[in-house]
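Shown next, in structure tokens, is the structure this report addresses.
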Amino acid sequence: RAFSPNQKREAYEKQKGICSVCKKHFDIEEMEADHITPWHEGGTTSADNCQMLCKDDNRRKSDK
Numbered sequence: 767r768a769f770s771p772n773q774k775r776e777a778y779e780k781q782k783g784i785c786s787v788c789k790k791h792f793d794i795e796e797m798e799a800d801h802i803t804p805w806h807e808g809g810t811t812s813a814d815n816c817q818m819l820c821k822d823d824n825r826r827k828s829d830k
């Protein structure tokens, strides 16, 4: 269920380091990989279902 380092890097580069939620730029170390379609809803751990979020936004999303 965890994304590989290569999948994270690919999503980061595709997004140009911009968080999908707050639209701010972060270094890759300041971001976390997130399933666009949640894993518990059948989302796959694949490159096309991966987005990078800043840690704050990823935590807020997880709390919902």
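Count along the sequence shown from 1, add 766, and you get the number used in the working numbering.
Every residue gets a Cβ at the ideal spot worked out from N, C-alpha and C, and that includes glycine.
Which residues share a DSSP beta bridge with residue 817? Paired residues: 800.
Boundaries of the alpha helix (DSSP H) in which residue 774 is found, first to last residue: DSSP places residue 774 inside the alpha helix (DSSP H), whose first and last residues are 771 to 780.
Quick test of your reading: residue 768 and residue 811, contact by CB under 8 Å. State the CB separation rounded to the nearest angstrom. With a contact defined as Cβ atoms closer than 8 Å, residue 768 and residue 811 qualify at about 7 Å.
Within the same chain, show all residues whose beta-carbon is closer than 6 Å to that of residue 832, passing over the 5 residues directly before and after it, in chain order. This structure cannot speak to residue 832, because the chain is shown only from 767 to 830.
Would you kindly work out how many angstroms separate the C-alpha atoms of residue 790 and residue 828, rounded to a whole number? Cα-Cα distance, rounded: 19 Å.
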